[in-house]
Structure formats: structure tokens, C-alpha cells
Amino acid sequence: MIDKIKLLPDSVANQIAAGEVIQRPASVVKELLENALDAGATHINIIIKDAGRTLIQITDNGHGMSATDARMCFEKHATSKITQADDLFNLNTLGFRGEALASIAAIAHVQLKTKTEEDELGTEILIEGNVLKSQENCTTSTGTSFAVKNLFYNVPARRNFLKSNNAELRHIIEEFQRVVLVNPDIAFSFYNNGNILYQLQAGNLKQRIAQVFGKKLDEKLVPINEKTDDVKISGFIGKPEFARKTRGEQYFFANHRFIKHPYFHHAVENAFKELIPDGSHPSYFIYLEVKPEDIDVNIHPTKIEVNFTNKQLIYAILAAAAKKALGQFSLTPSLDFEQEPSMIFNFDKDRPIKAPSIKINPEYNPFESEKPEPDPRQISNQENWDKLYDFERETSTTPSSAPTHTQKSSMDFISDEEEGPLQNNTFIQVGLTFVVSPVKSGMMLINQQLAHERILYEKYLELYDNRQIGSQQLLFPINISLGAEELSIIKEVQEDLSIFGFDISNFGNNGIVVKGAPMDVSDSKIPAIIDEIILNFQSGQNIEQNRKLAFARSMAKQLAIKTGQKLGQSEMNTLVDALFSCKIPSVSIDGEQIIKTFSLEEIREKFLS
Ligand code: ADP
Ligand code: MG
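If you count by the numbering used here, then the sequence shown holds residues 2 to 610, one letter each, in order.
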């Protein structure tokens, strides 16, 4: 029989290995940044074109390479960082596998220019698909510059797998942020298609966080610090009142490396548990330092997941440190975003424009979980409920000449389709969560929040389709500070947002200015809606999906009455009415059940046991 086994040529082996290390342009950025840091650079410059498809260039002022090293560095397992396996347990560098450059050179055109302090002349290398094209002397300053062009030119499958430029750029920005947040003492500049995205001066950690996420951080962050024999914890956590719907700003670093650690994340979220509403997330920038031998970074090729020897112990210390930080620093005034019940259903187009009001509550105590009971007089705003009802009718697609006949009343709808509440019913509210009503054959429970989300969702979809969402210019435009990733999401969906009535302008580096908003949305809700929209698109996967649905969903989620809100009789009436006028009254916009009925039989059974 003929022998079949052959050794793969290096170029093929490297291409295969590249698949593991280099998944997208952002992976190249990460590897080159880490190399520049390992080389002791204090200034690093990044130039990106077409989200890294055509060019990723990273220039540093580190120690550079000799002419021989410059050629060697593209070999597989070529590294200057470890010489024996034992070194792995004493790592002070970010790289050590010696496969990044070999992988990159296998799937792109790479130009390297580098020079050491001692050398007069530098060296310039061109390499394509692992084949050395040229090596020459050149004049260049001390340090290294890698230009990676035409990424994946020989791996069409990978190239086709890339997402939109905006999505890929977001990945790059994410990697960039992870690196700069752990190196505040190093200056970075970042250009995208000729525009400067970041210009970061060397400074302390707080300054760096502010440079990246916007200036007004002083009031938002409190320091967290703890030191034991096993771990040193430092960094900042966000005050509870600034918790957001997006999970954006949650960072763990361990020994100068960004890590993901669901277990430690849990420790921090737990410390916030009583202090922030369900569904919002605290920001944190937490830096852990442990002895190199207590951490194993070798379990994953991209080194984001790591193992700690003393996991449980660190968890406990972290949880305590977070609680302590919150307890020490959190007693401050807060913006009052409490539900303003009357605004939800305010569809009055002639409504005079109000200045946004900010209430300062000096008594705010983050450890007091009980909220004061809302004033029921304020909530039982019959007028607004009536408006909602009128509005629903006005915007109904049925001809409106004789609305009382052509539009099915909810009760009609129920009687021939499915069973609904009895006419002239009184409703009761249970647990500030459910609206309960007797029906002919038993009892019906309606989840108030899910019901209202469904109502608003369908309403906004219909308004959108008819281009009926009115926009109202704000008297005081609202500034919202956003990170670069969030900004690029908003930019991408800006046009559709304007159909929803949002007038957004002034894309600076740090945020947006909202000048106009949908007619019936109160000013204080705008930042939360923008947040919710970003959250919906954040993974980058949904951005090409039906935006109309995503926006309607965001608005509904933000504007709906919540569990825990007291409802008056007439409000419950209107809610139930509007729900049964919906196209799909029984299923929530997240696919959960809105309505549950219990038959008399079921109720009787309860008494049998
Ligand atoms: P690793 O970083 O795991 O050692 P790489 O393939 O990323 O492997 O790099 C190979 C080697 O090339 C490094 O060990 C280092 O000696 C050298 N090198 C890479 N980038 C730079 C740089 N920017 N400045 C100086 N030396 C570099
Ligand atoms: Mg490396």
C-alpha cells in the first residue's frame, strides 16, 4: 500500500493556525498592540482603513528588532519571551506563544520596519503568505512599525465571514479599549480612515477612563481598593444611580490583561443587587493582581479566559471590597428618574414644551431598597388614559367615519375570539404586578408590564408604518456621552431613528446631542431609550435586522408601566381594553405569556387537597 501521510507545508500549517489566532481584523490589532507593549513602547499609533480590511498599521517606539530578529519573528514558535516551559509560570509579558506574527504573515501582506537603539539603520521586510519578498536596510526611527494589508486575501472563506465595516470597527475599538484601559501610562493615537478616533495622553487610570468614556466621570465612579496576601484589588466601580441597561462598561483585568470572568462578575453584581433596578447593570473597572504562579493564562489561545488558583477566596474578597466601596462613597445626590406616570400617555400634540426638570434628592440612601409609595392621585390620571384610548382609535387603520361601529370594541373582540373580562367589570391589582378579573368560566390574570409593552410596541409599529410619529424639538437639547462603539451603532441607525422622531446631531468623539424626540416621550426617558437601542444592537448581530421592530421594542420597553406601579381602576380598564385591541394580546414582545386564565375547575381543585 502506498504511504499516505505527509507533513503539511509550513505555509498551510500556518494558515490553519492563523484561523485560531486571527479571527478578524480586531485580532490583528490586539496581537500587534500586545507586541508593542511587550517591546516597552511609550507611544503607540494605530492607523486603520476600511475597518482593517485594507490596512492595519501599528507603530511603536519600543526597543525594535535587529535585522535577524526581524526575519525570525515571522517563524512559527519564534518568541523572545520564553525559553523554557518553566518560564510560563513567571510571565511578565503579554505574548509568549510566538505564533501571532507567523499567523498574520500567513494570511496577509505584511510590511515591517524596525530599528534598535544601537543600530544606525533599520530593516524593512515585505512578506506575503509566509513568503519573504524582500529585506532591505532603511532609515527609520527606533521602534517598530507593522503594516498589515489585504487581510485574508488568500482565505476567502474568512473574508466573506467578516461583518459590516461598522461591526468590524466596533470589534477593533473594543480590543483597543481593553488595551488602553490597562496601560494609562502609555500614549495612544488611533486613526480610522484618516479621522482621529482617539488621542490618549499618558496619565493616571481615572484620567484614562475619562478619556475613553467621557469626561463627567468624577460623579459616577468610586474607587475600590483592597489588598491581602492573595490578591490586590484596585480600580473603580460606578455608583448605583448610574447603572445602565447596557452592559458596556464592565471590565476585569488580571495582571495587566483584560479577562472575562463570569464568576467574579457575579461577585460584583451581587454587591449592587439591592441598589439598582432589575435589568440594569453597574459599570466597573476592576484590576486584580495575583502572583504570576496563581494565574494560568494558558487555557485559551486568545487568553481572555483565565484560571485562578484561589478563585473562591478572591470572590469573597472582591464582593466585600465592592460593598465597602459602595457603602463608603455612595451617599450622594442623584438624578431622579422615577417614573413620571402622567407622561406615558401624554399624546397631546399641543402640549407646551417643558424644560427638563432635575430633582436632587439629598436624602438618597442606596442601601434603602424600599421606594416611597407613589402618590396615587398622580397615577390615577383619568385624562391620560382617556387620551391613550382616543389615540388608539385615531390611529387605527379602520376607516374612522363611524369609529364606534367599525372599530371593534375590545369586549366584542373577546366575546367572539377568546374569553375576556366581563363587561362593566371592576379589576383588582395583585402584588402591584397583575390585573385580575373574573371571567365567565373562572378568573383571568394579566401581567401589567408585559401587557403595556405589547400595547406600546404595536402602537409604535403602526405609527411607524404610517409615518405618523411626530417629533418635537427639545427646548434644552440633551447631551448623552457614549463610547466609540456605542457611537458607531447610533450613527449606523441614525436615519431610521429620525423616522421615529429622534433628531440627533453633533457626533463628537464623546457622545451625541439629542435635539428632538418623539412627541409623547418625556425628556428624562430619552437617555434610557437610546441605551436600550444600543443594547439591542450591541452584539453587532442584529444591526442589519429589522430596525423598525428593534426600535419599537426599545420604546415599548422603556415607556411601559412597570411591575410595582400602582394602578387605579380606570387605568386598569384602559389597559385591559387596549390589550385586547392588540393583534397579539396574549404573548409578550419577549415571547412570554401575558394572560393566564384559571378555570373554575382548576380553582375548585385547589380546594380539594
Ligand atoms: P510572541 O509575542 O508570543 O512572542 P509574536 O509572533 O507576537 O510572538 O512575536 C514574535 C517575536 O517578535 C516577539 O517575541 C518579539 O521578540 C518580536 N516582536 C514582535 N513585535 C515586536 C515589536 N513591536 N517590537 C519589538 N519586537 C517585536
Ligand atoms: Mg505577540
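Think of the CB as a built atom: it goes at the ideal place given N, C-alpha and C, for glycine as much as any other residue.
Apart from the five residues on each side of it in sequence, which residues of its chain come closer than 7 angstroms, Cβ to Cβ, to residue i?
i      : result
ASP573 : First, the residue type needs correcting, since residue 573 is Met and not Asp in the sequence shown. These residues qualify, in order along the chain: PHE428, GLN430, VAL436.
GLN200 : SER190
Ignore the nearest five residues each way along the sequence and tell me which others in residue i's own chain have a CB closer than 8 angstroms to its CB.
i      : result
ILE595 : ILE447, ASN448, LEU451, ALA452, ARG455, LEU580, PRO586, SER587, VAL588, SER589
THR140 : LEU122, GLY123
THR229 : ILE318
ALA18  : LYS77, GLU100, ALA103, SER104, ALA107
LEU498 : ILE491, ILE505, ILE534, PHE552
Grab the span of the alpha helix (DSSP H) containing residue i for me, first residue to last.
i      : result
MET573 : 570-581
SER104 : 101-107
LYS549 : 548-560
GLU220 : Taken as a continuous stretch (DSSP letters only), GLU220 belongs to no alpha helix (DSSP H), as it is neither H nor E.
ASN15  : 11-22
ASN36  : 26-39
GLN208 : 206-214
In the DSSP assignment, the beta strand (DSSP E) including residue i goes from what residue to what residue?
i      : result
LYS188 : Strictly speaking, residue 188 in this sequence is Ala, with Lys absent from that position. Note, ALA188: beta strand (DSSP E), 188-193.
PHE286 : 285-290
GLY123 : 123-129
PHE253 : 251-255
GLN112 : 110-116
THR69  : Run containing THR69: none in the beta strand (DSSP E); it sits in the alpha helix (DSSP H), 68-73.
ASN138 : 132-139
ASP61  : 56-61
GLN539 : First-last for GLN539: undefined, no H or E at that position.
GLN200 : 196-201
Is residue i near residue j, with beta carbons less than 8 angstroms apart?
i      : j      : result
ILE174 : GLU486 : yes
ASP61  : ALA37  : yes
LEU475 : ARG258 : no
MET520 : SER555 : no
TYR465 : PHE501 : yes
GLU459 : LYS597 : no
VAL183 : PHE147 : no
ILE470 : ILE531 : no
LYS77  : ASN155 : no
ILE491 : ILE527 : no
PHE253 : ILE287 : yes
ILE604 : MET445 : no
ILE296 : ALA322 : no
LEU170 : SER442 : no
ILE234 : LEU289 : yes
HIS64  : ALA40  : yes
VAL213 : GLN178 : yes
ASN166 : ASP51  : yes
ASN511 : GLY215 : yes
ALA203 : ALA268 : no
ASN151 : SER12  : no
DSSP puts residue i in a beta bridge; with which residues?
i      : result
ALA321 : Note: ALA321 sits in no beta bridge, so no partner.
THR598 : MET445
GLU294 : DSSP output for GLU294 lists no bridge partner at all.
LYS233 : LYS228, GLU290
VAL437 : ILE429, LEU446
ILE238 : VAL223, TYR285
LYS50  : LEU56
ARG179 : None; ARG179 has no bridge partner.
PHE309 : ILE296
Less than 6 angstroms between C-beta atoms, sequence neighbours within five positions excluded: which residues of the same chain meet that for residue i?
i      : result
PRO10  : none
ILE462 : It is worth fixing the name first, because residue 462 is Leu in this sequence and not Ile. Only ALA553 meet the Cβ criterion.
GLN251 : TYR285
ILE47  : ILE59, PHE191
GLU533 : LYS246, SER555, LYS558, GLN559
VAL180 : LEU34
PHE283 : Residue 283 is actually Pro in this sequence, not Phe. Contacts found: GLY239, ALA244, PHE273.
ASN193 : ILE49
GLU339 : For GLU339, the predicted structure reports a pLDDT of 30, less than 50, and the residue's modelled location is therefore unreliable. A value from the coordinates is still provided. Nothing meets the Cβ criterion.
GLY20  : none
GLY565 : LEU433
LYS127 : In the sequence as displayed, the identity of residue 127 is Leu instead of Lys. The answer, listed in chain order, is GLN112, LYS134, SER135.
ASP70  : none
ARG209 : PRO185
ALA529 : GLN559
CYS74  : LEU102
For residue i, decide whether its Cβ has a neighbour in chain C, counting only Cβ atoms nearer than 8 angstroms.
i      : result
GLU129 : Looking for chain C here will not work: only one protein chain is present.
Any heavy atom of ligand 3 closer than 7 angstroms to the Cβ of residue i?
i      : result
ALA101 : Among the ligands present in this structure, namely ligand 1 and ligand 2, ligand 3 is not found.
Runs of alpha helix (DSSP H) lying entirely within the stretch 447-520, each at least 4 residues, in chain order: If we require 4 residues or more, the alpha helix (DSSP H) runs fully inside the stretch 447-520 come out as 449-466, 485-500.
4 or more residues per run - each alpha helix (DSSP H) lying fully within the stretch 257-288: Runs of the alpha helix (DSSP H) lying entirely within the stretch 257-288 and spanning at least 4 residues, in chain order: 263-273.
Secondary structure, beta strand (DSSP E): runs of 3+ residues fully inside the stretch 144-171: List check, beta strand (DSSP E) in window: 144-150.
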